[in-house]
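There are 2 protein chains.
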Amino acid sequence: MTRATAAQSGACIEALAARFGGRMTTALPVRQEHAGGEGGAESTPPDAVLFPRSIEDISAALALCNDHRMPVIPFGAGTSLEGQLDAVRGGVSLDLSGMNRVLDIHGDDFDCRVEAGVTREQLNHELRHSGLFFPIDPGANATLGGMAATAASGTNAVRYGTMREACLGVTAVLSDGRVFHTGSRARKSACGYDLTRLLVGSEGTLAVIAELQLRLAPIPEAIVAIVAQFPTLAAAVQAVVLLMQAGLRPARIELLDELQMSASIAYSRLERLAATPTLFIEVHGPPAIVAEEKAQVTAVAVALGATVQTAERPEARNLLWKARHDAYWAARALMPGGGSIVTDACVPLSKLEDSILAARREADAGGLTCPIVGHVGDGNFHMLILFDADHERQRAAAAALARRIGERAIACGGTCTGEHGVGLHKRALLARQHGTAIPVLAAIKHALDPFGILNPGKTLPEAARQP
Amino acid sequence: MTRATAAQSGACIEALAARFGGRMTTALPVRQEHAGGEGGAESTPPDAVLFPRSIEDISAALALCNDHRMPVIPFGAGTSLEGQLDAVRGGVSLDLSGMNRVLDIHGDDFDCRVEAGVTREQLNHELRHSGLFFPIDPGANATLGGMAATAASGTNAVRYGTMREACLGVTAVLSDGRVFHTGSRARKSACGYDLTRLLVGSEGTLAVIAELQLRLAPIPEAIVAIVAQFPTLAAAVQAVVLLMQAGLRPARIELLDELQMSASIAYSRLERLAATPTLFIEVHGPPAIVAEEKAQVTAVAVALGATVQTAERPEARNLLWKARHDAYWAARALMPGGGSIVTDACVPLSKLEDSILAARREADAGGLTCPIVGHVGDGNFHMLILFDADHERQRAAAAALARRIGERAIACGGTCTGEHGVGLHKRALLARQHGTAIPVLAAIKHALDPFGILNPGKTLPEAARQP
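Protein chains in written order, with numbering that gives the first Met the number 0: chain S, 0 to 466; chain U, 0 to 466.
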């Protein structure tokens, strides 16, 4: 993986300036805005930021950068968590946020086509009169291109799937500027290699996603939120397994542990709730079916010792889900000004209880403050490891704990990242998880991006990138 | 794409014989059994058939074949429909049917690991006391490796997904014999390129799938089958769209048109049904939810003029689904001894009515006998084009009709193959559907199989295979 020389980099920026004029900048404040993402830690800004307005712009920019061996880092809303945007080898940040048109909506077919810079909130706003919604909800108001690139999911995945299922196809641009289309508007296809799923989760390292064909869902006729508060974490997790085994299809099953509940009660003023392990559940569907599912969920939770409240009115539900979305900020408020690492282990359901309890034990033993939230219907949980950023030993202990949570997830058949991606920070864990497949990943990377200009240093372990 | 010279081929077979002894044969009857699949038409047998018993066997065989530039054609149950097994360049058929162990079943996690030669009926038999089942049901008793290779789906896909969703990971072998693992047992992952989905649907052209980690589903507490008979085809299809829009999640929604119903009534003795456009629907879940869904499905169908019968007892349901599975043979009985082509278009739901009616009009205009069945919840329909195999003009007309059905599906945003794959017969349609992506497909093929030994002549259009 070459780095552009200073001369190549300078020539490339000159060529880009000639082509794009004011839509490219080397101003430091703009470059710094495009350096990081939400992953914390210091990160390197790109050499320039370019604002394409069309597929042709992306294609022209890539062809020029490829000629000059100049790295290109696709940028959406800057909400990634694993250093995906860090310009570790310099290069051009390709800011797609200006490509934000919803191109068409097919109500009868539950699909739409959007430019990569459309955010999920914008899409749902544009869908508001259609009876449809876009169900993937990672919390952050990310762009849909960015969500595809990191294989995002979030609270609704247990019923509606992740970006892998939501993406029917994309229009993407290769490192040399060639444009290609994948997928179709059909709900399934057996026509050739599944390039759509190959690009979902590739973190901008194989091609730049310019447009997406997305699957939508009908807005359910009825929605009920259920809050079940359990005496123990074990009971809460057992309830999840029983609900899934019963063949129920809740839209969301979110766990908040004692510590997180205590933080959220304070931050989001959830006075009616107790600081015990809690499931936030939501069921979607026709009213009679929702009523029946609510009764079944309640019965399972009560049998495991839970106290149960339900919220049917939109205001009451929104309050709950706002609190769930604010869980991160509530947790950060436990240590104002502190550093944090979010883990992202995803394990088989039967391993969830052990995984969470082991993480909790280790956090407590290390004296770290670590609330837990989880998309537990999928076996995915996030421990937020808080630490004093000025305290080197605490920082090292936090990093070690995060690494061991990932390693334990891998050891029990799970994955070190359920939805945040690999980026810069999880490459060693990827190597551990996919040891034998690394040469295959590297061969594909090399086949599609022979000069390694696309988001270099990300996803693939260092050793794997020159096959 | 090279073909092994006679000398290379002879040397390779000698080397394989030395390694595998009686587990390799060049006997013509065995080779002929491995030539075809169910796609009809004449096809070339392989030069030899090899029966591996382990991943090490597959690895050794591939390494030898790669050294000799000898084509390798993975073989499961021989039920593919698009010429995937035709040894167009000679080579070795790798018959995986002896690798038929269910390696483990994780009841709590709804997953299992199997060798590639396990068939779906065998798996469901082994699961019979577990409370779980494997929901993907293409009709034929295919092997699970073969089903993954062709991205199979079938009647249950509308609720349970296709092989893309069912495969959590695989163990596969590269053309040079290297073994690698993909995926994990977690329900989702954002850890690196999605090699699992890349191999699903790759028809043995990228790697040989040796083992699969599969997602299972809990056996629903209650199952009800609903038969709705409509006055017109249009009304039947409209009912499907309304059901999907209402957010219902039936397990199956199968269409049989008038001609197919008339064939099936005769073949399967469905005396209580009429020869009108019919939906076979099945709903799965807890009893109260199933009762509610049954009521809603019935209401929608009746509002569109349907007469509705339900079947709740297993015997009555099995009779119906046996008839649905036998639809192909019932239809073939309309022209005993005749040839047939099965089309596999899959289109956006809003295009389904037009697509089916256009196919029907064209079939009628050409004087061809063409019953239709469809997994209409997915927008997928099969027209079975029957023709007199000795009548050259009829054969040509049948082929032209099949091609135009595929072309029309592509033109309206769909795919020429929803679940049968590309194989030998749909390569021109693939080129039309994925024009701009062909160089990307070819680059990946070349990166993973540089000598082109894996199922040569399949999936990729001829022109694309030498990048």
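Backbone N, C-alpha and C fix where the C-beta goes; we use that ideal spot for every residue, glycine too. No experiment lies behind these values; they were computed from the predicted model shown.
query, result
"Start and end residues, beta strand (DSSP E) containing L102(S)", "101 to 105"
"Any chain S beta carbon closer than 8 angstroms to D377(U)", "yes"
"Distance, F50(S) Cα to D63(S) Cα", "Here the sequence assigns Leu to residue 63(S), which means Asp is not the residue at that position. Computed Cα separation, rounded: 15 angstroms."
"Pick from E291(S), V282(S), H283(S) that is closest to P286(U), judged by C-alpha positions", "E291(S)"
"Straight-line Cα distance separating T309(U) from G97(U)", "41 angstroms"
"Extent of the continuous beta strand (DSSP E) run through I135(U)", "Note, I135(U): premise wrong, no beta strand (DSSP E); not H, not E."
"Selection of the region 401 to 413 of chain U by Cβ proximity to chain S, strictly under 9 angstroms", "A408, I409, C411, G412, G413"
"D108(S) versus T142(S): straight-line alpha-carbon distance, rounded", "23 angstroms"
"Beta-bridge partners of E210(U), as assigned by DSSP", "E114(U), T170(U)"
"Per DSSP, the bridge partner or partners of V372(U)", "L255(U), H381(U)"
"Exposed unless 16 or more other CB atoms sit within 10 angstroms - verdict on S92(S)", "buried"
"Interface positions of the region 35 to 61 of chain U facing chain S (Cβ-Cβ less than 8 angstroms), listed along the chain", "none"
"Top-ranked residue by Cα proximity to L241(U), from S201(S), G130(S), G378(S), L232(S)", "G130(S)"
"Distance CB(P219(S))-CB(H283(S)) smaller than 8 angstroms", "yes"
"Residue closest to V439(S), alpha-carbon to alpha-carbon, out of A436(U), A446(U), G434(U)", "A446(U)"
"Where V299(U) falls: helix, strand or coil (DSSP)", "helix"
"Contact under 8 angstroms by Cβ, N99(U) with D175(U)", "no"
"Where A185(U) meets chain S, residues with beta-carbon distance less than 7 angstroms", "C345, V346, P347, G378, G413, T414, G417"
"Own chain, CB closer than 6 angstroms to R248(U), minus 5 neighbours either side, in chain order", "R158"
"Touching by the beta-carbon criterion (3+ pairs, under 8 angstroms), the region 323 to 336 of chain S and the region 243 to 262 of chain S", "yes"
"Residues from the region 200 to 211 of chain U in contact with chain S, defined by Cβ distance under 7 angstroms", "G200, S201"
"Exposure of N140(S), with buried meaning 16 or more beta-carbon neighbours within 10 Å", "exposed"
"Through-space distance from L173(S) to I437(U), alpha-carbon basis", "13 angstroms"
"Backbone CA spacing between G144(S) and D103(U) [nearest angstrom]", "38 angstroms"
"Check whether G337(U) and L383(U) have beta carbons under 8 angstroms apart", "no"
"Simplified DSSP assignment, three categories, for D475(U)", "The structure shown has nothing for residue 475(U), since chain U only spans 0 to 466."
"Against chain U: residues of the region 89 to 117 of chain S by CB proximity under 8 angstroms", "H105, D107, D108, F109, D110"
"F279(U) - partner residues in DSSP beta bridges", "V226(U), E253(U)"
"Residue-level contact to chain U via CB, F179(S), 8 angstroms cutoff", "yes"
"First and last residue of the uninterrupted beta strand (DSSP E) at H180(U)", "178 to 180"
"Interface residues of chain U facing T275(S) [CB-CB closer than 9 angstroms]", "Chain U residues near T275(S): none, gap ~24 angstroms exceeds 9 angstroms."
"Same chain only: Cβ atoms within 7 angstroms of F132(S), ignoring 5 sequence neighbours per side", "N123, L126, L215, A216, I218"
"Test: A156(S) CB closer than 8 angstroms to a CB of chain U", "yes"
"Short Cβ contact (8 angstroms threshold) for M210(U) with V113(U)", "Looking at the sequence provided, one finds Glu at residue 210(U) rather than Met. Cβ distance < 8 angstroms, so E210(U) and V113(U) count as in contact."
"Test: S188(U) CB closer than 8 angstroms to a CB of chain S", "yes"
"Residue interval of the alpha helix (DSSP H) (run including V236(S))", "232 to 244"
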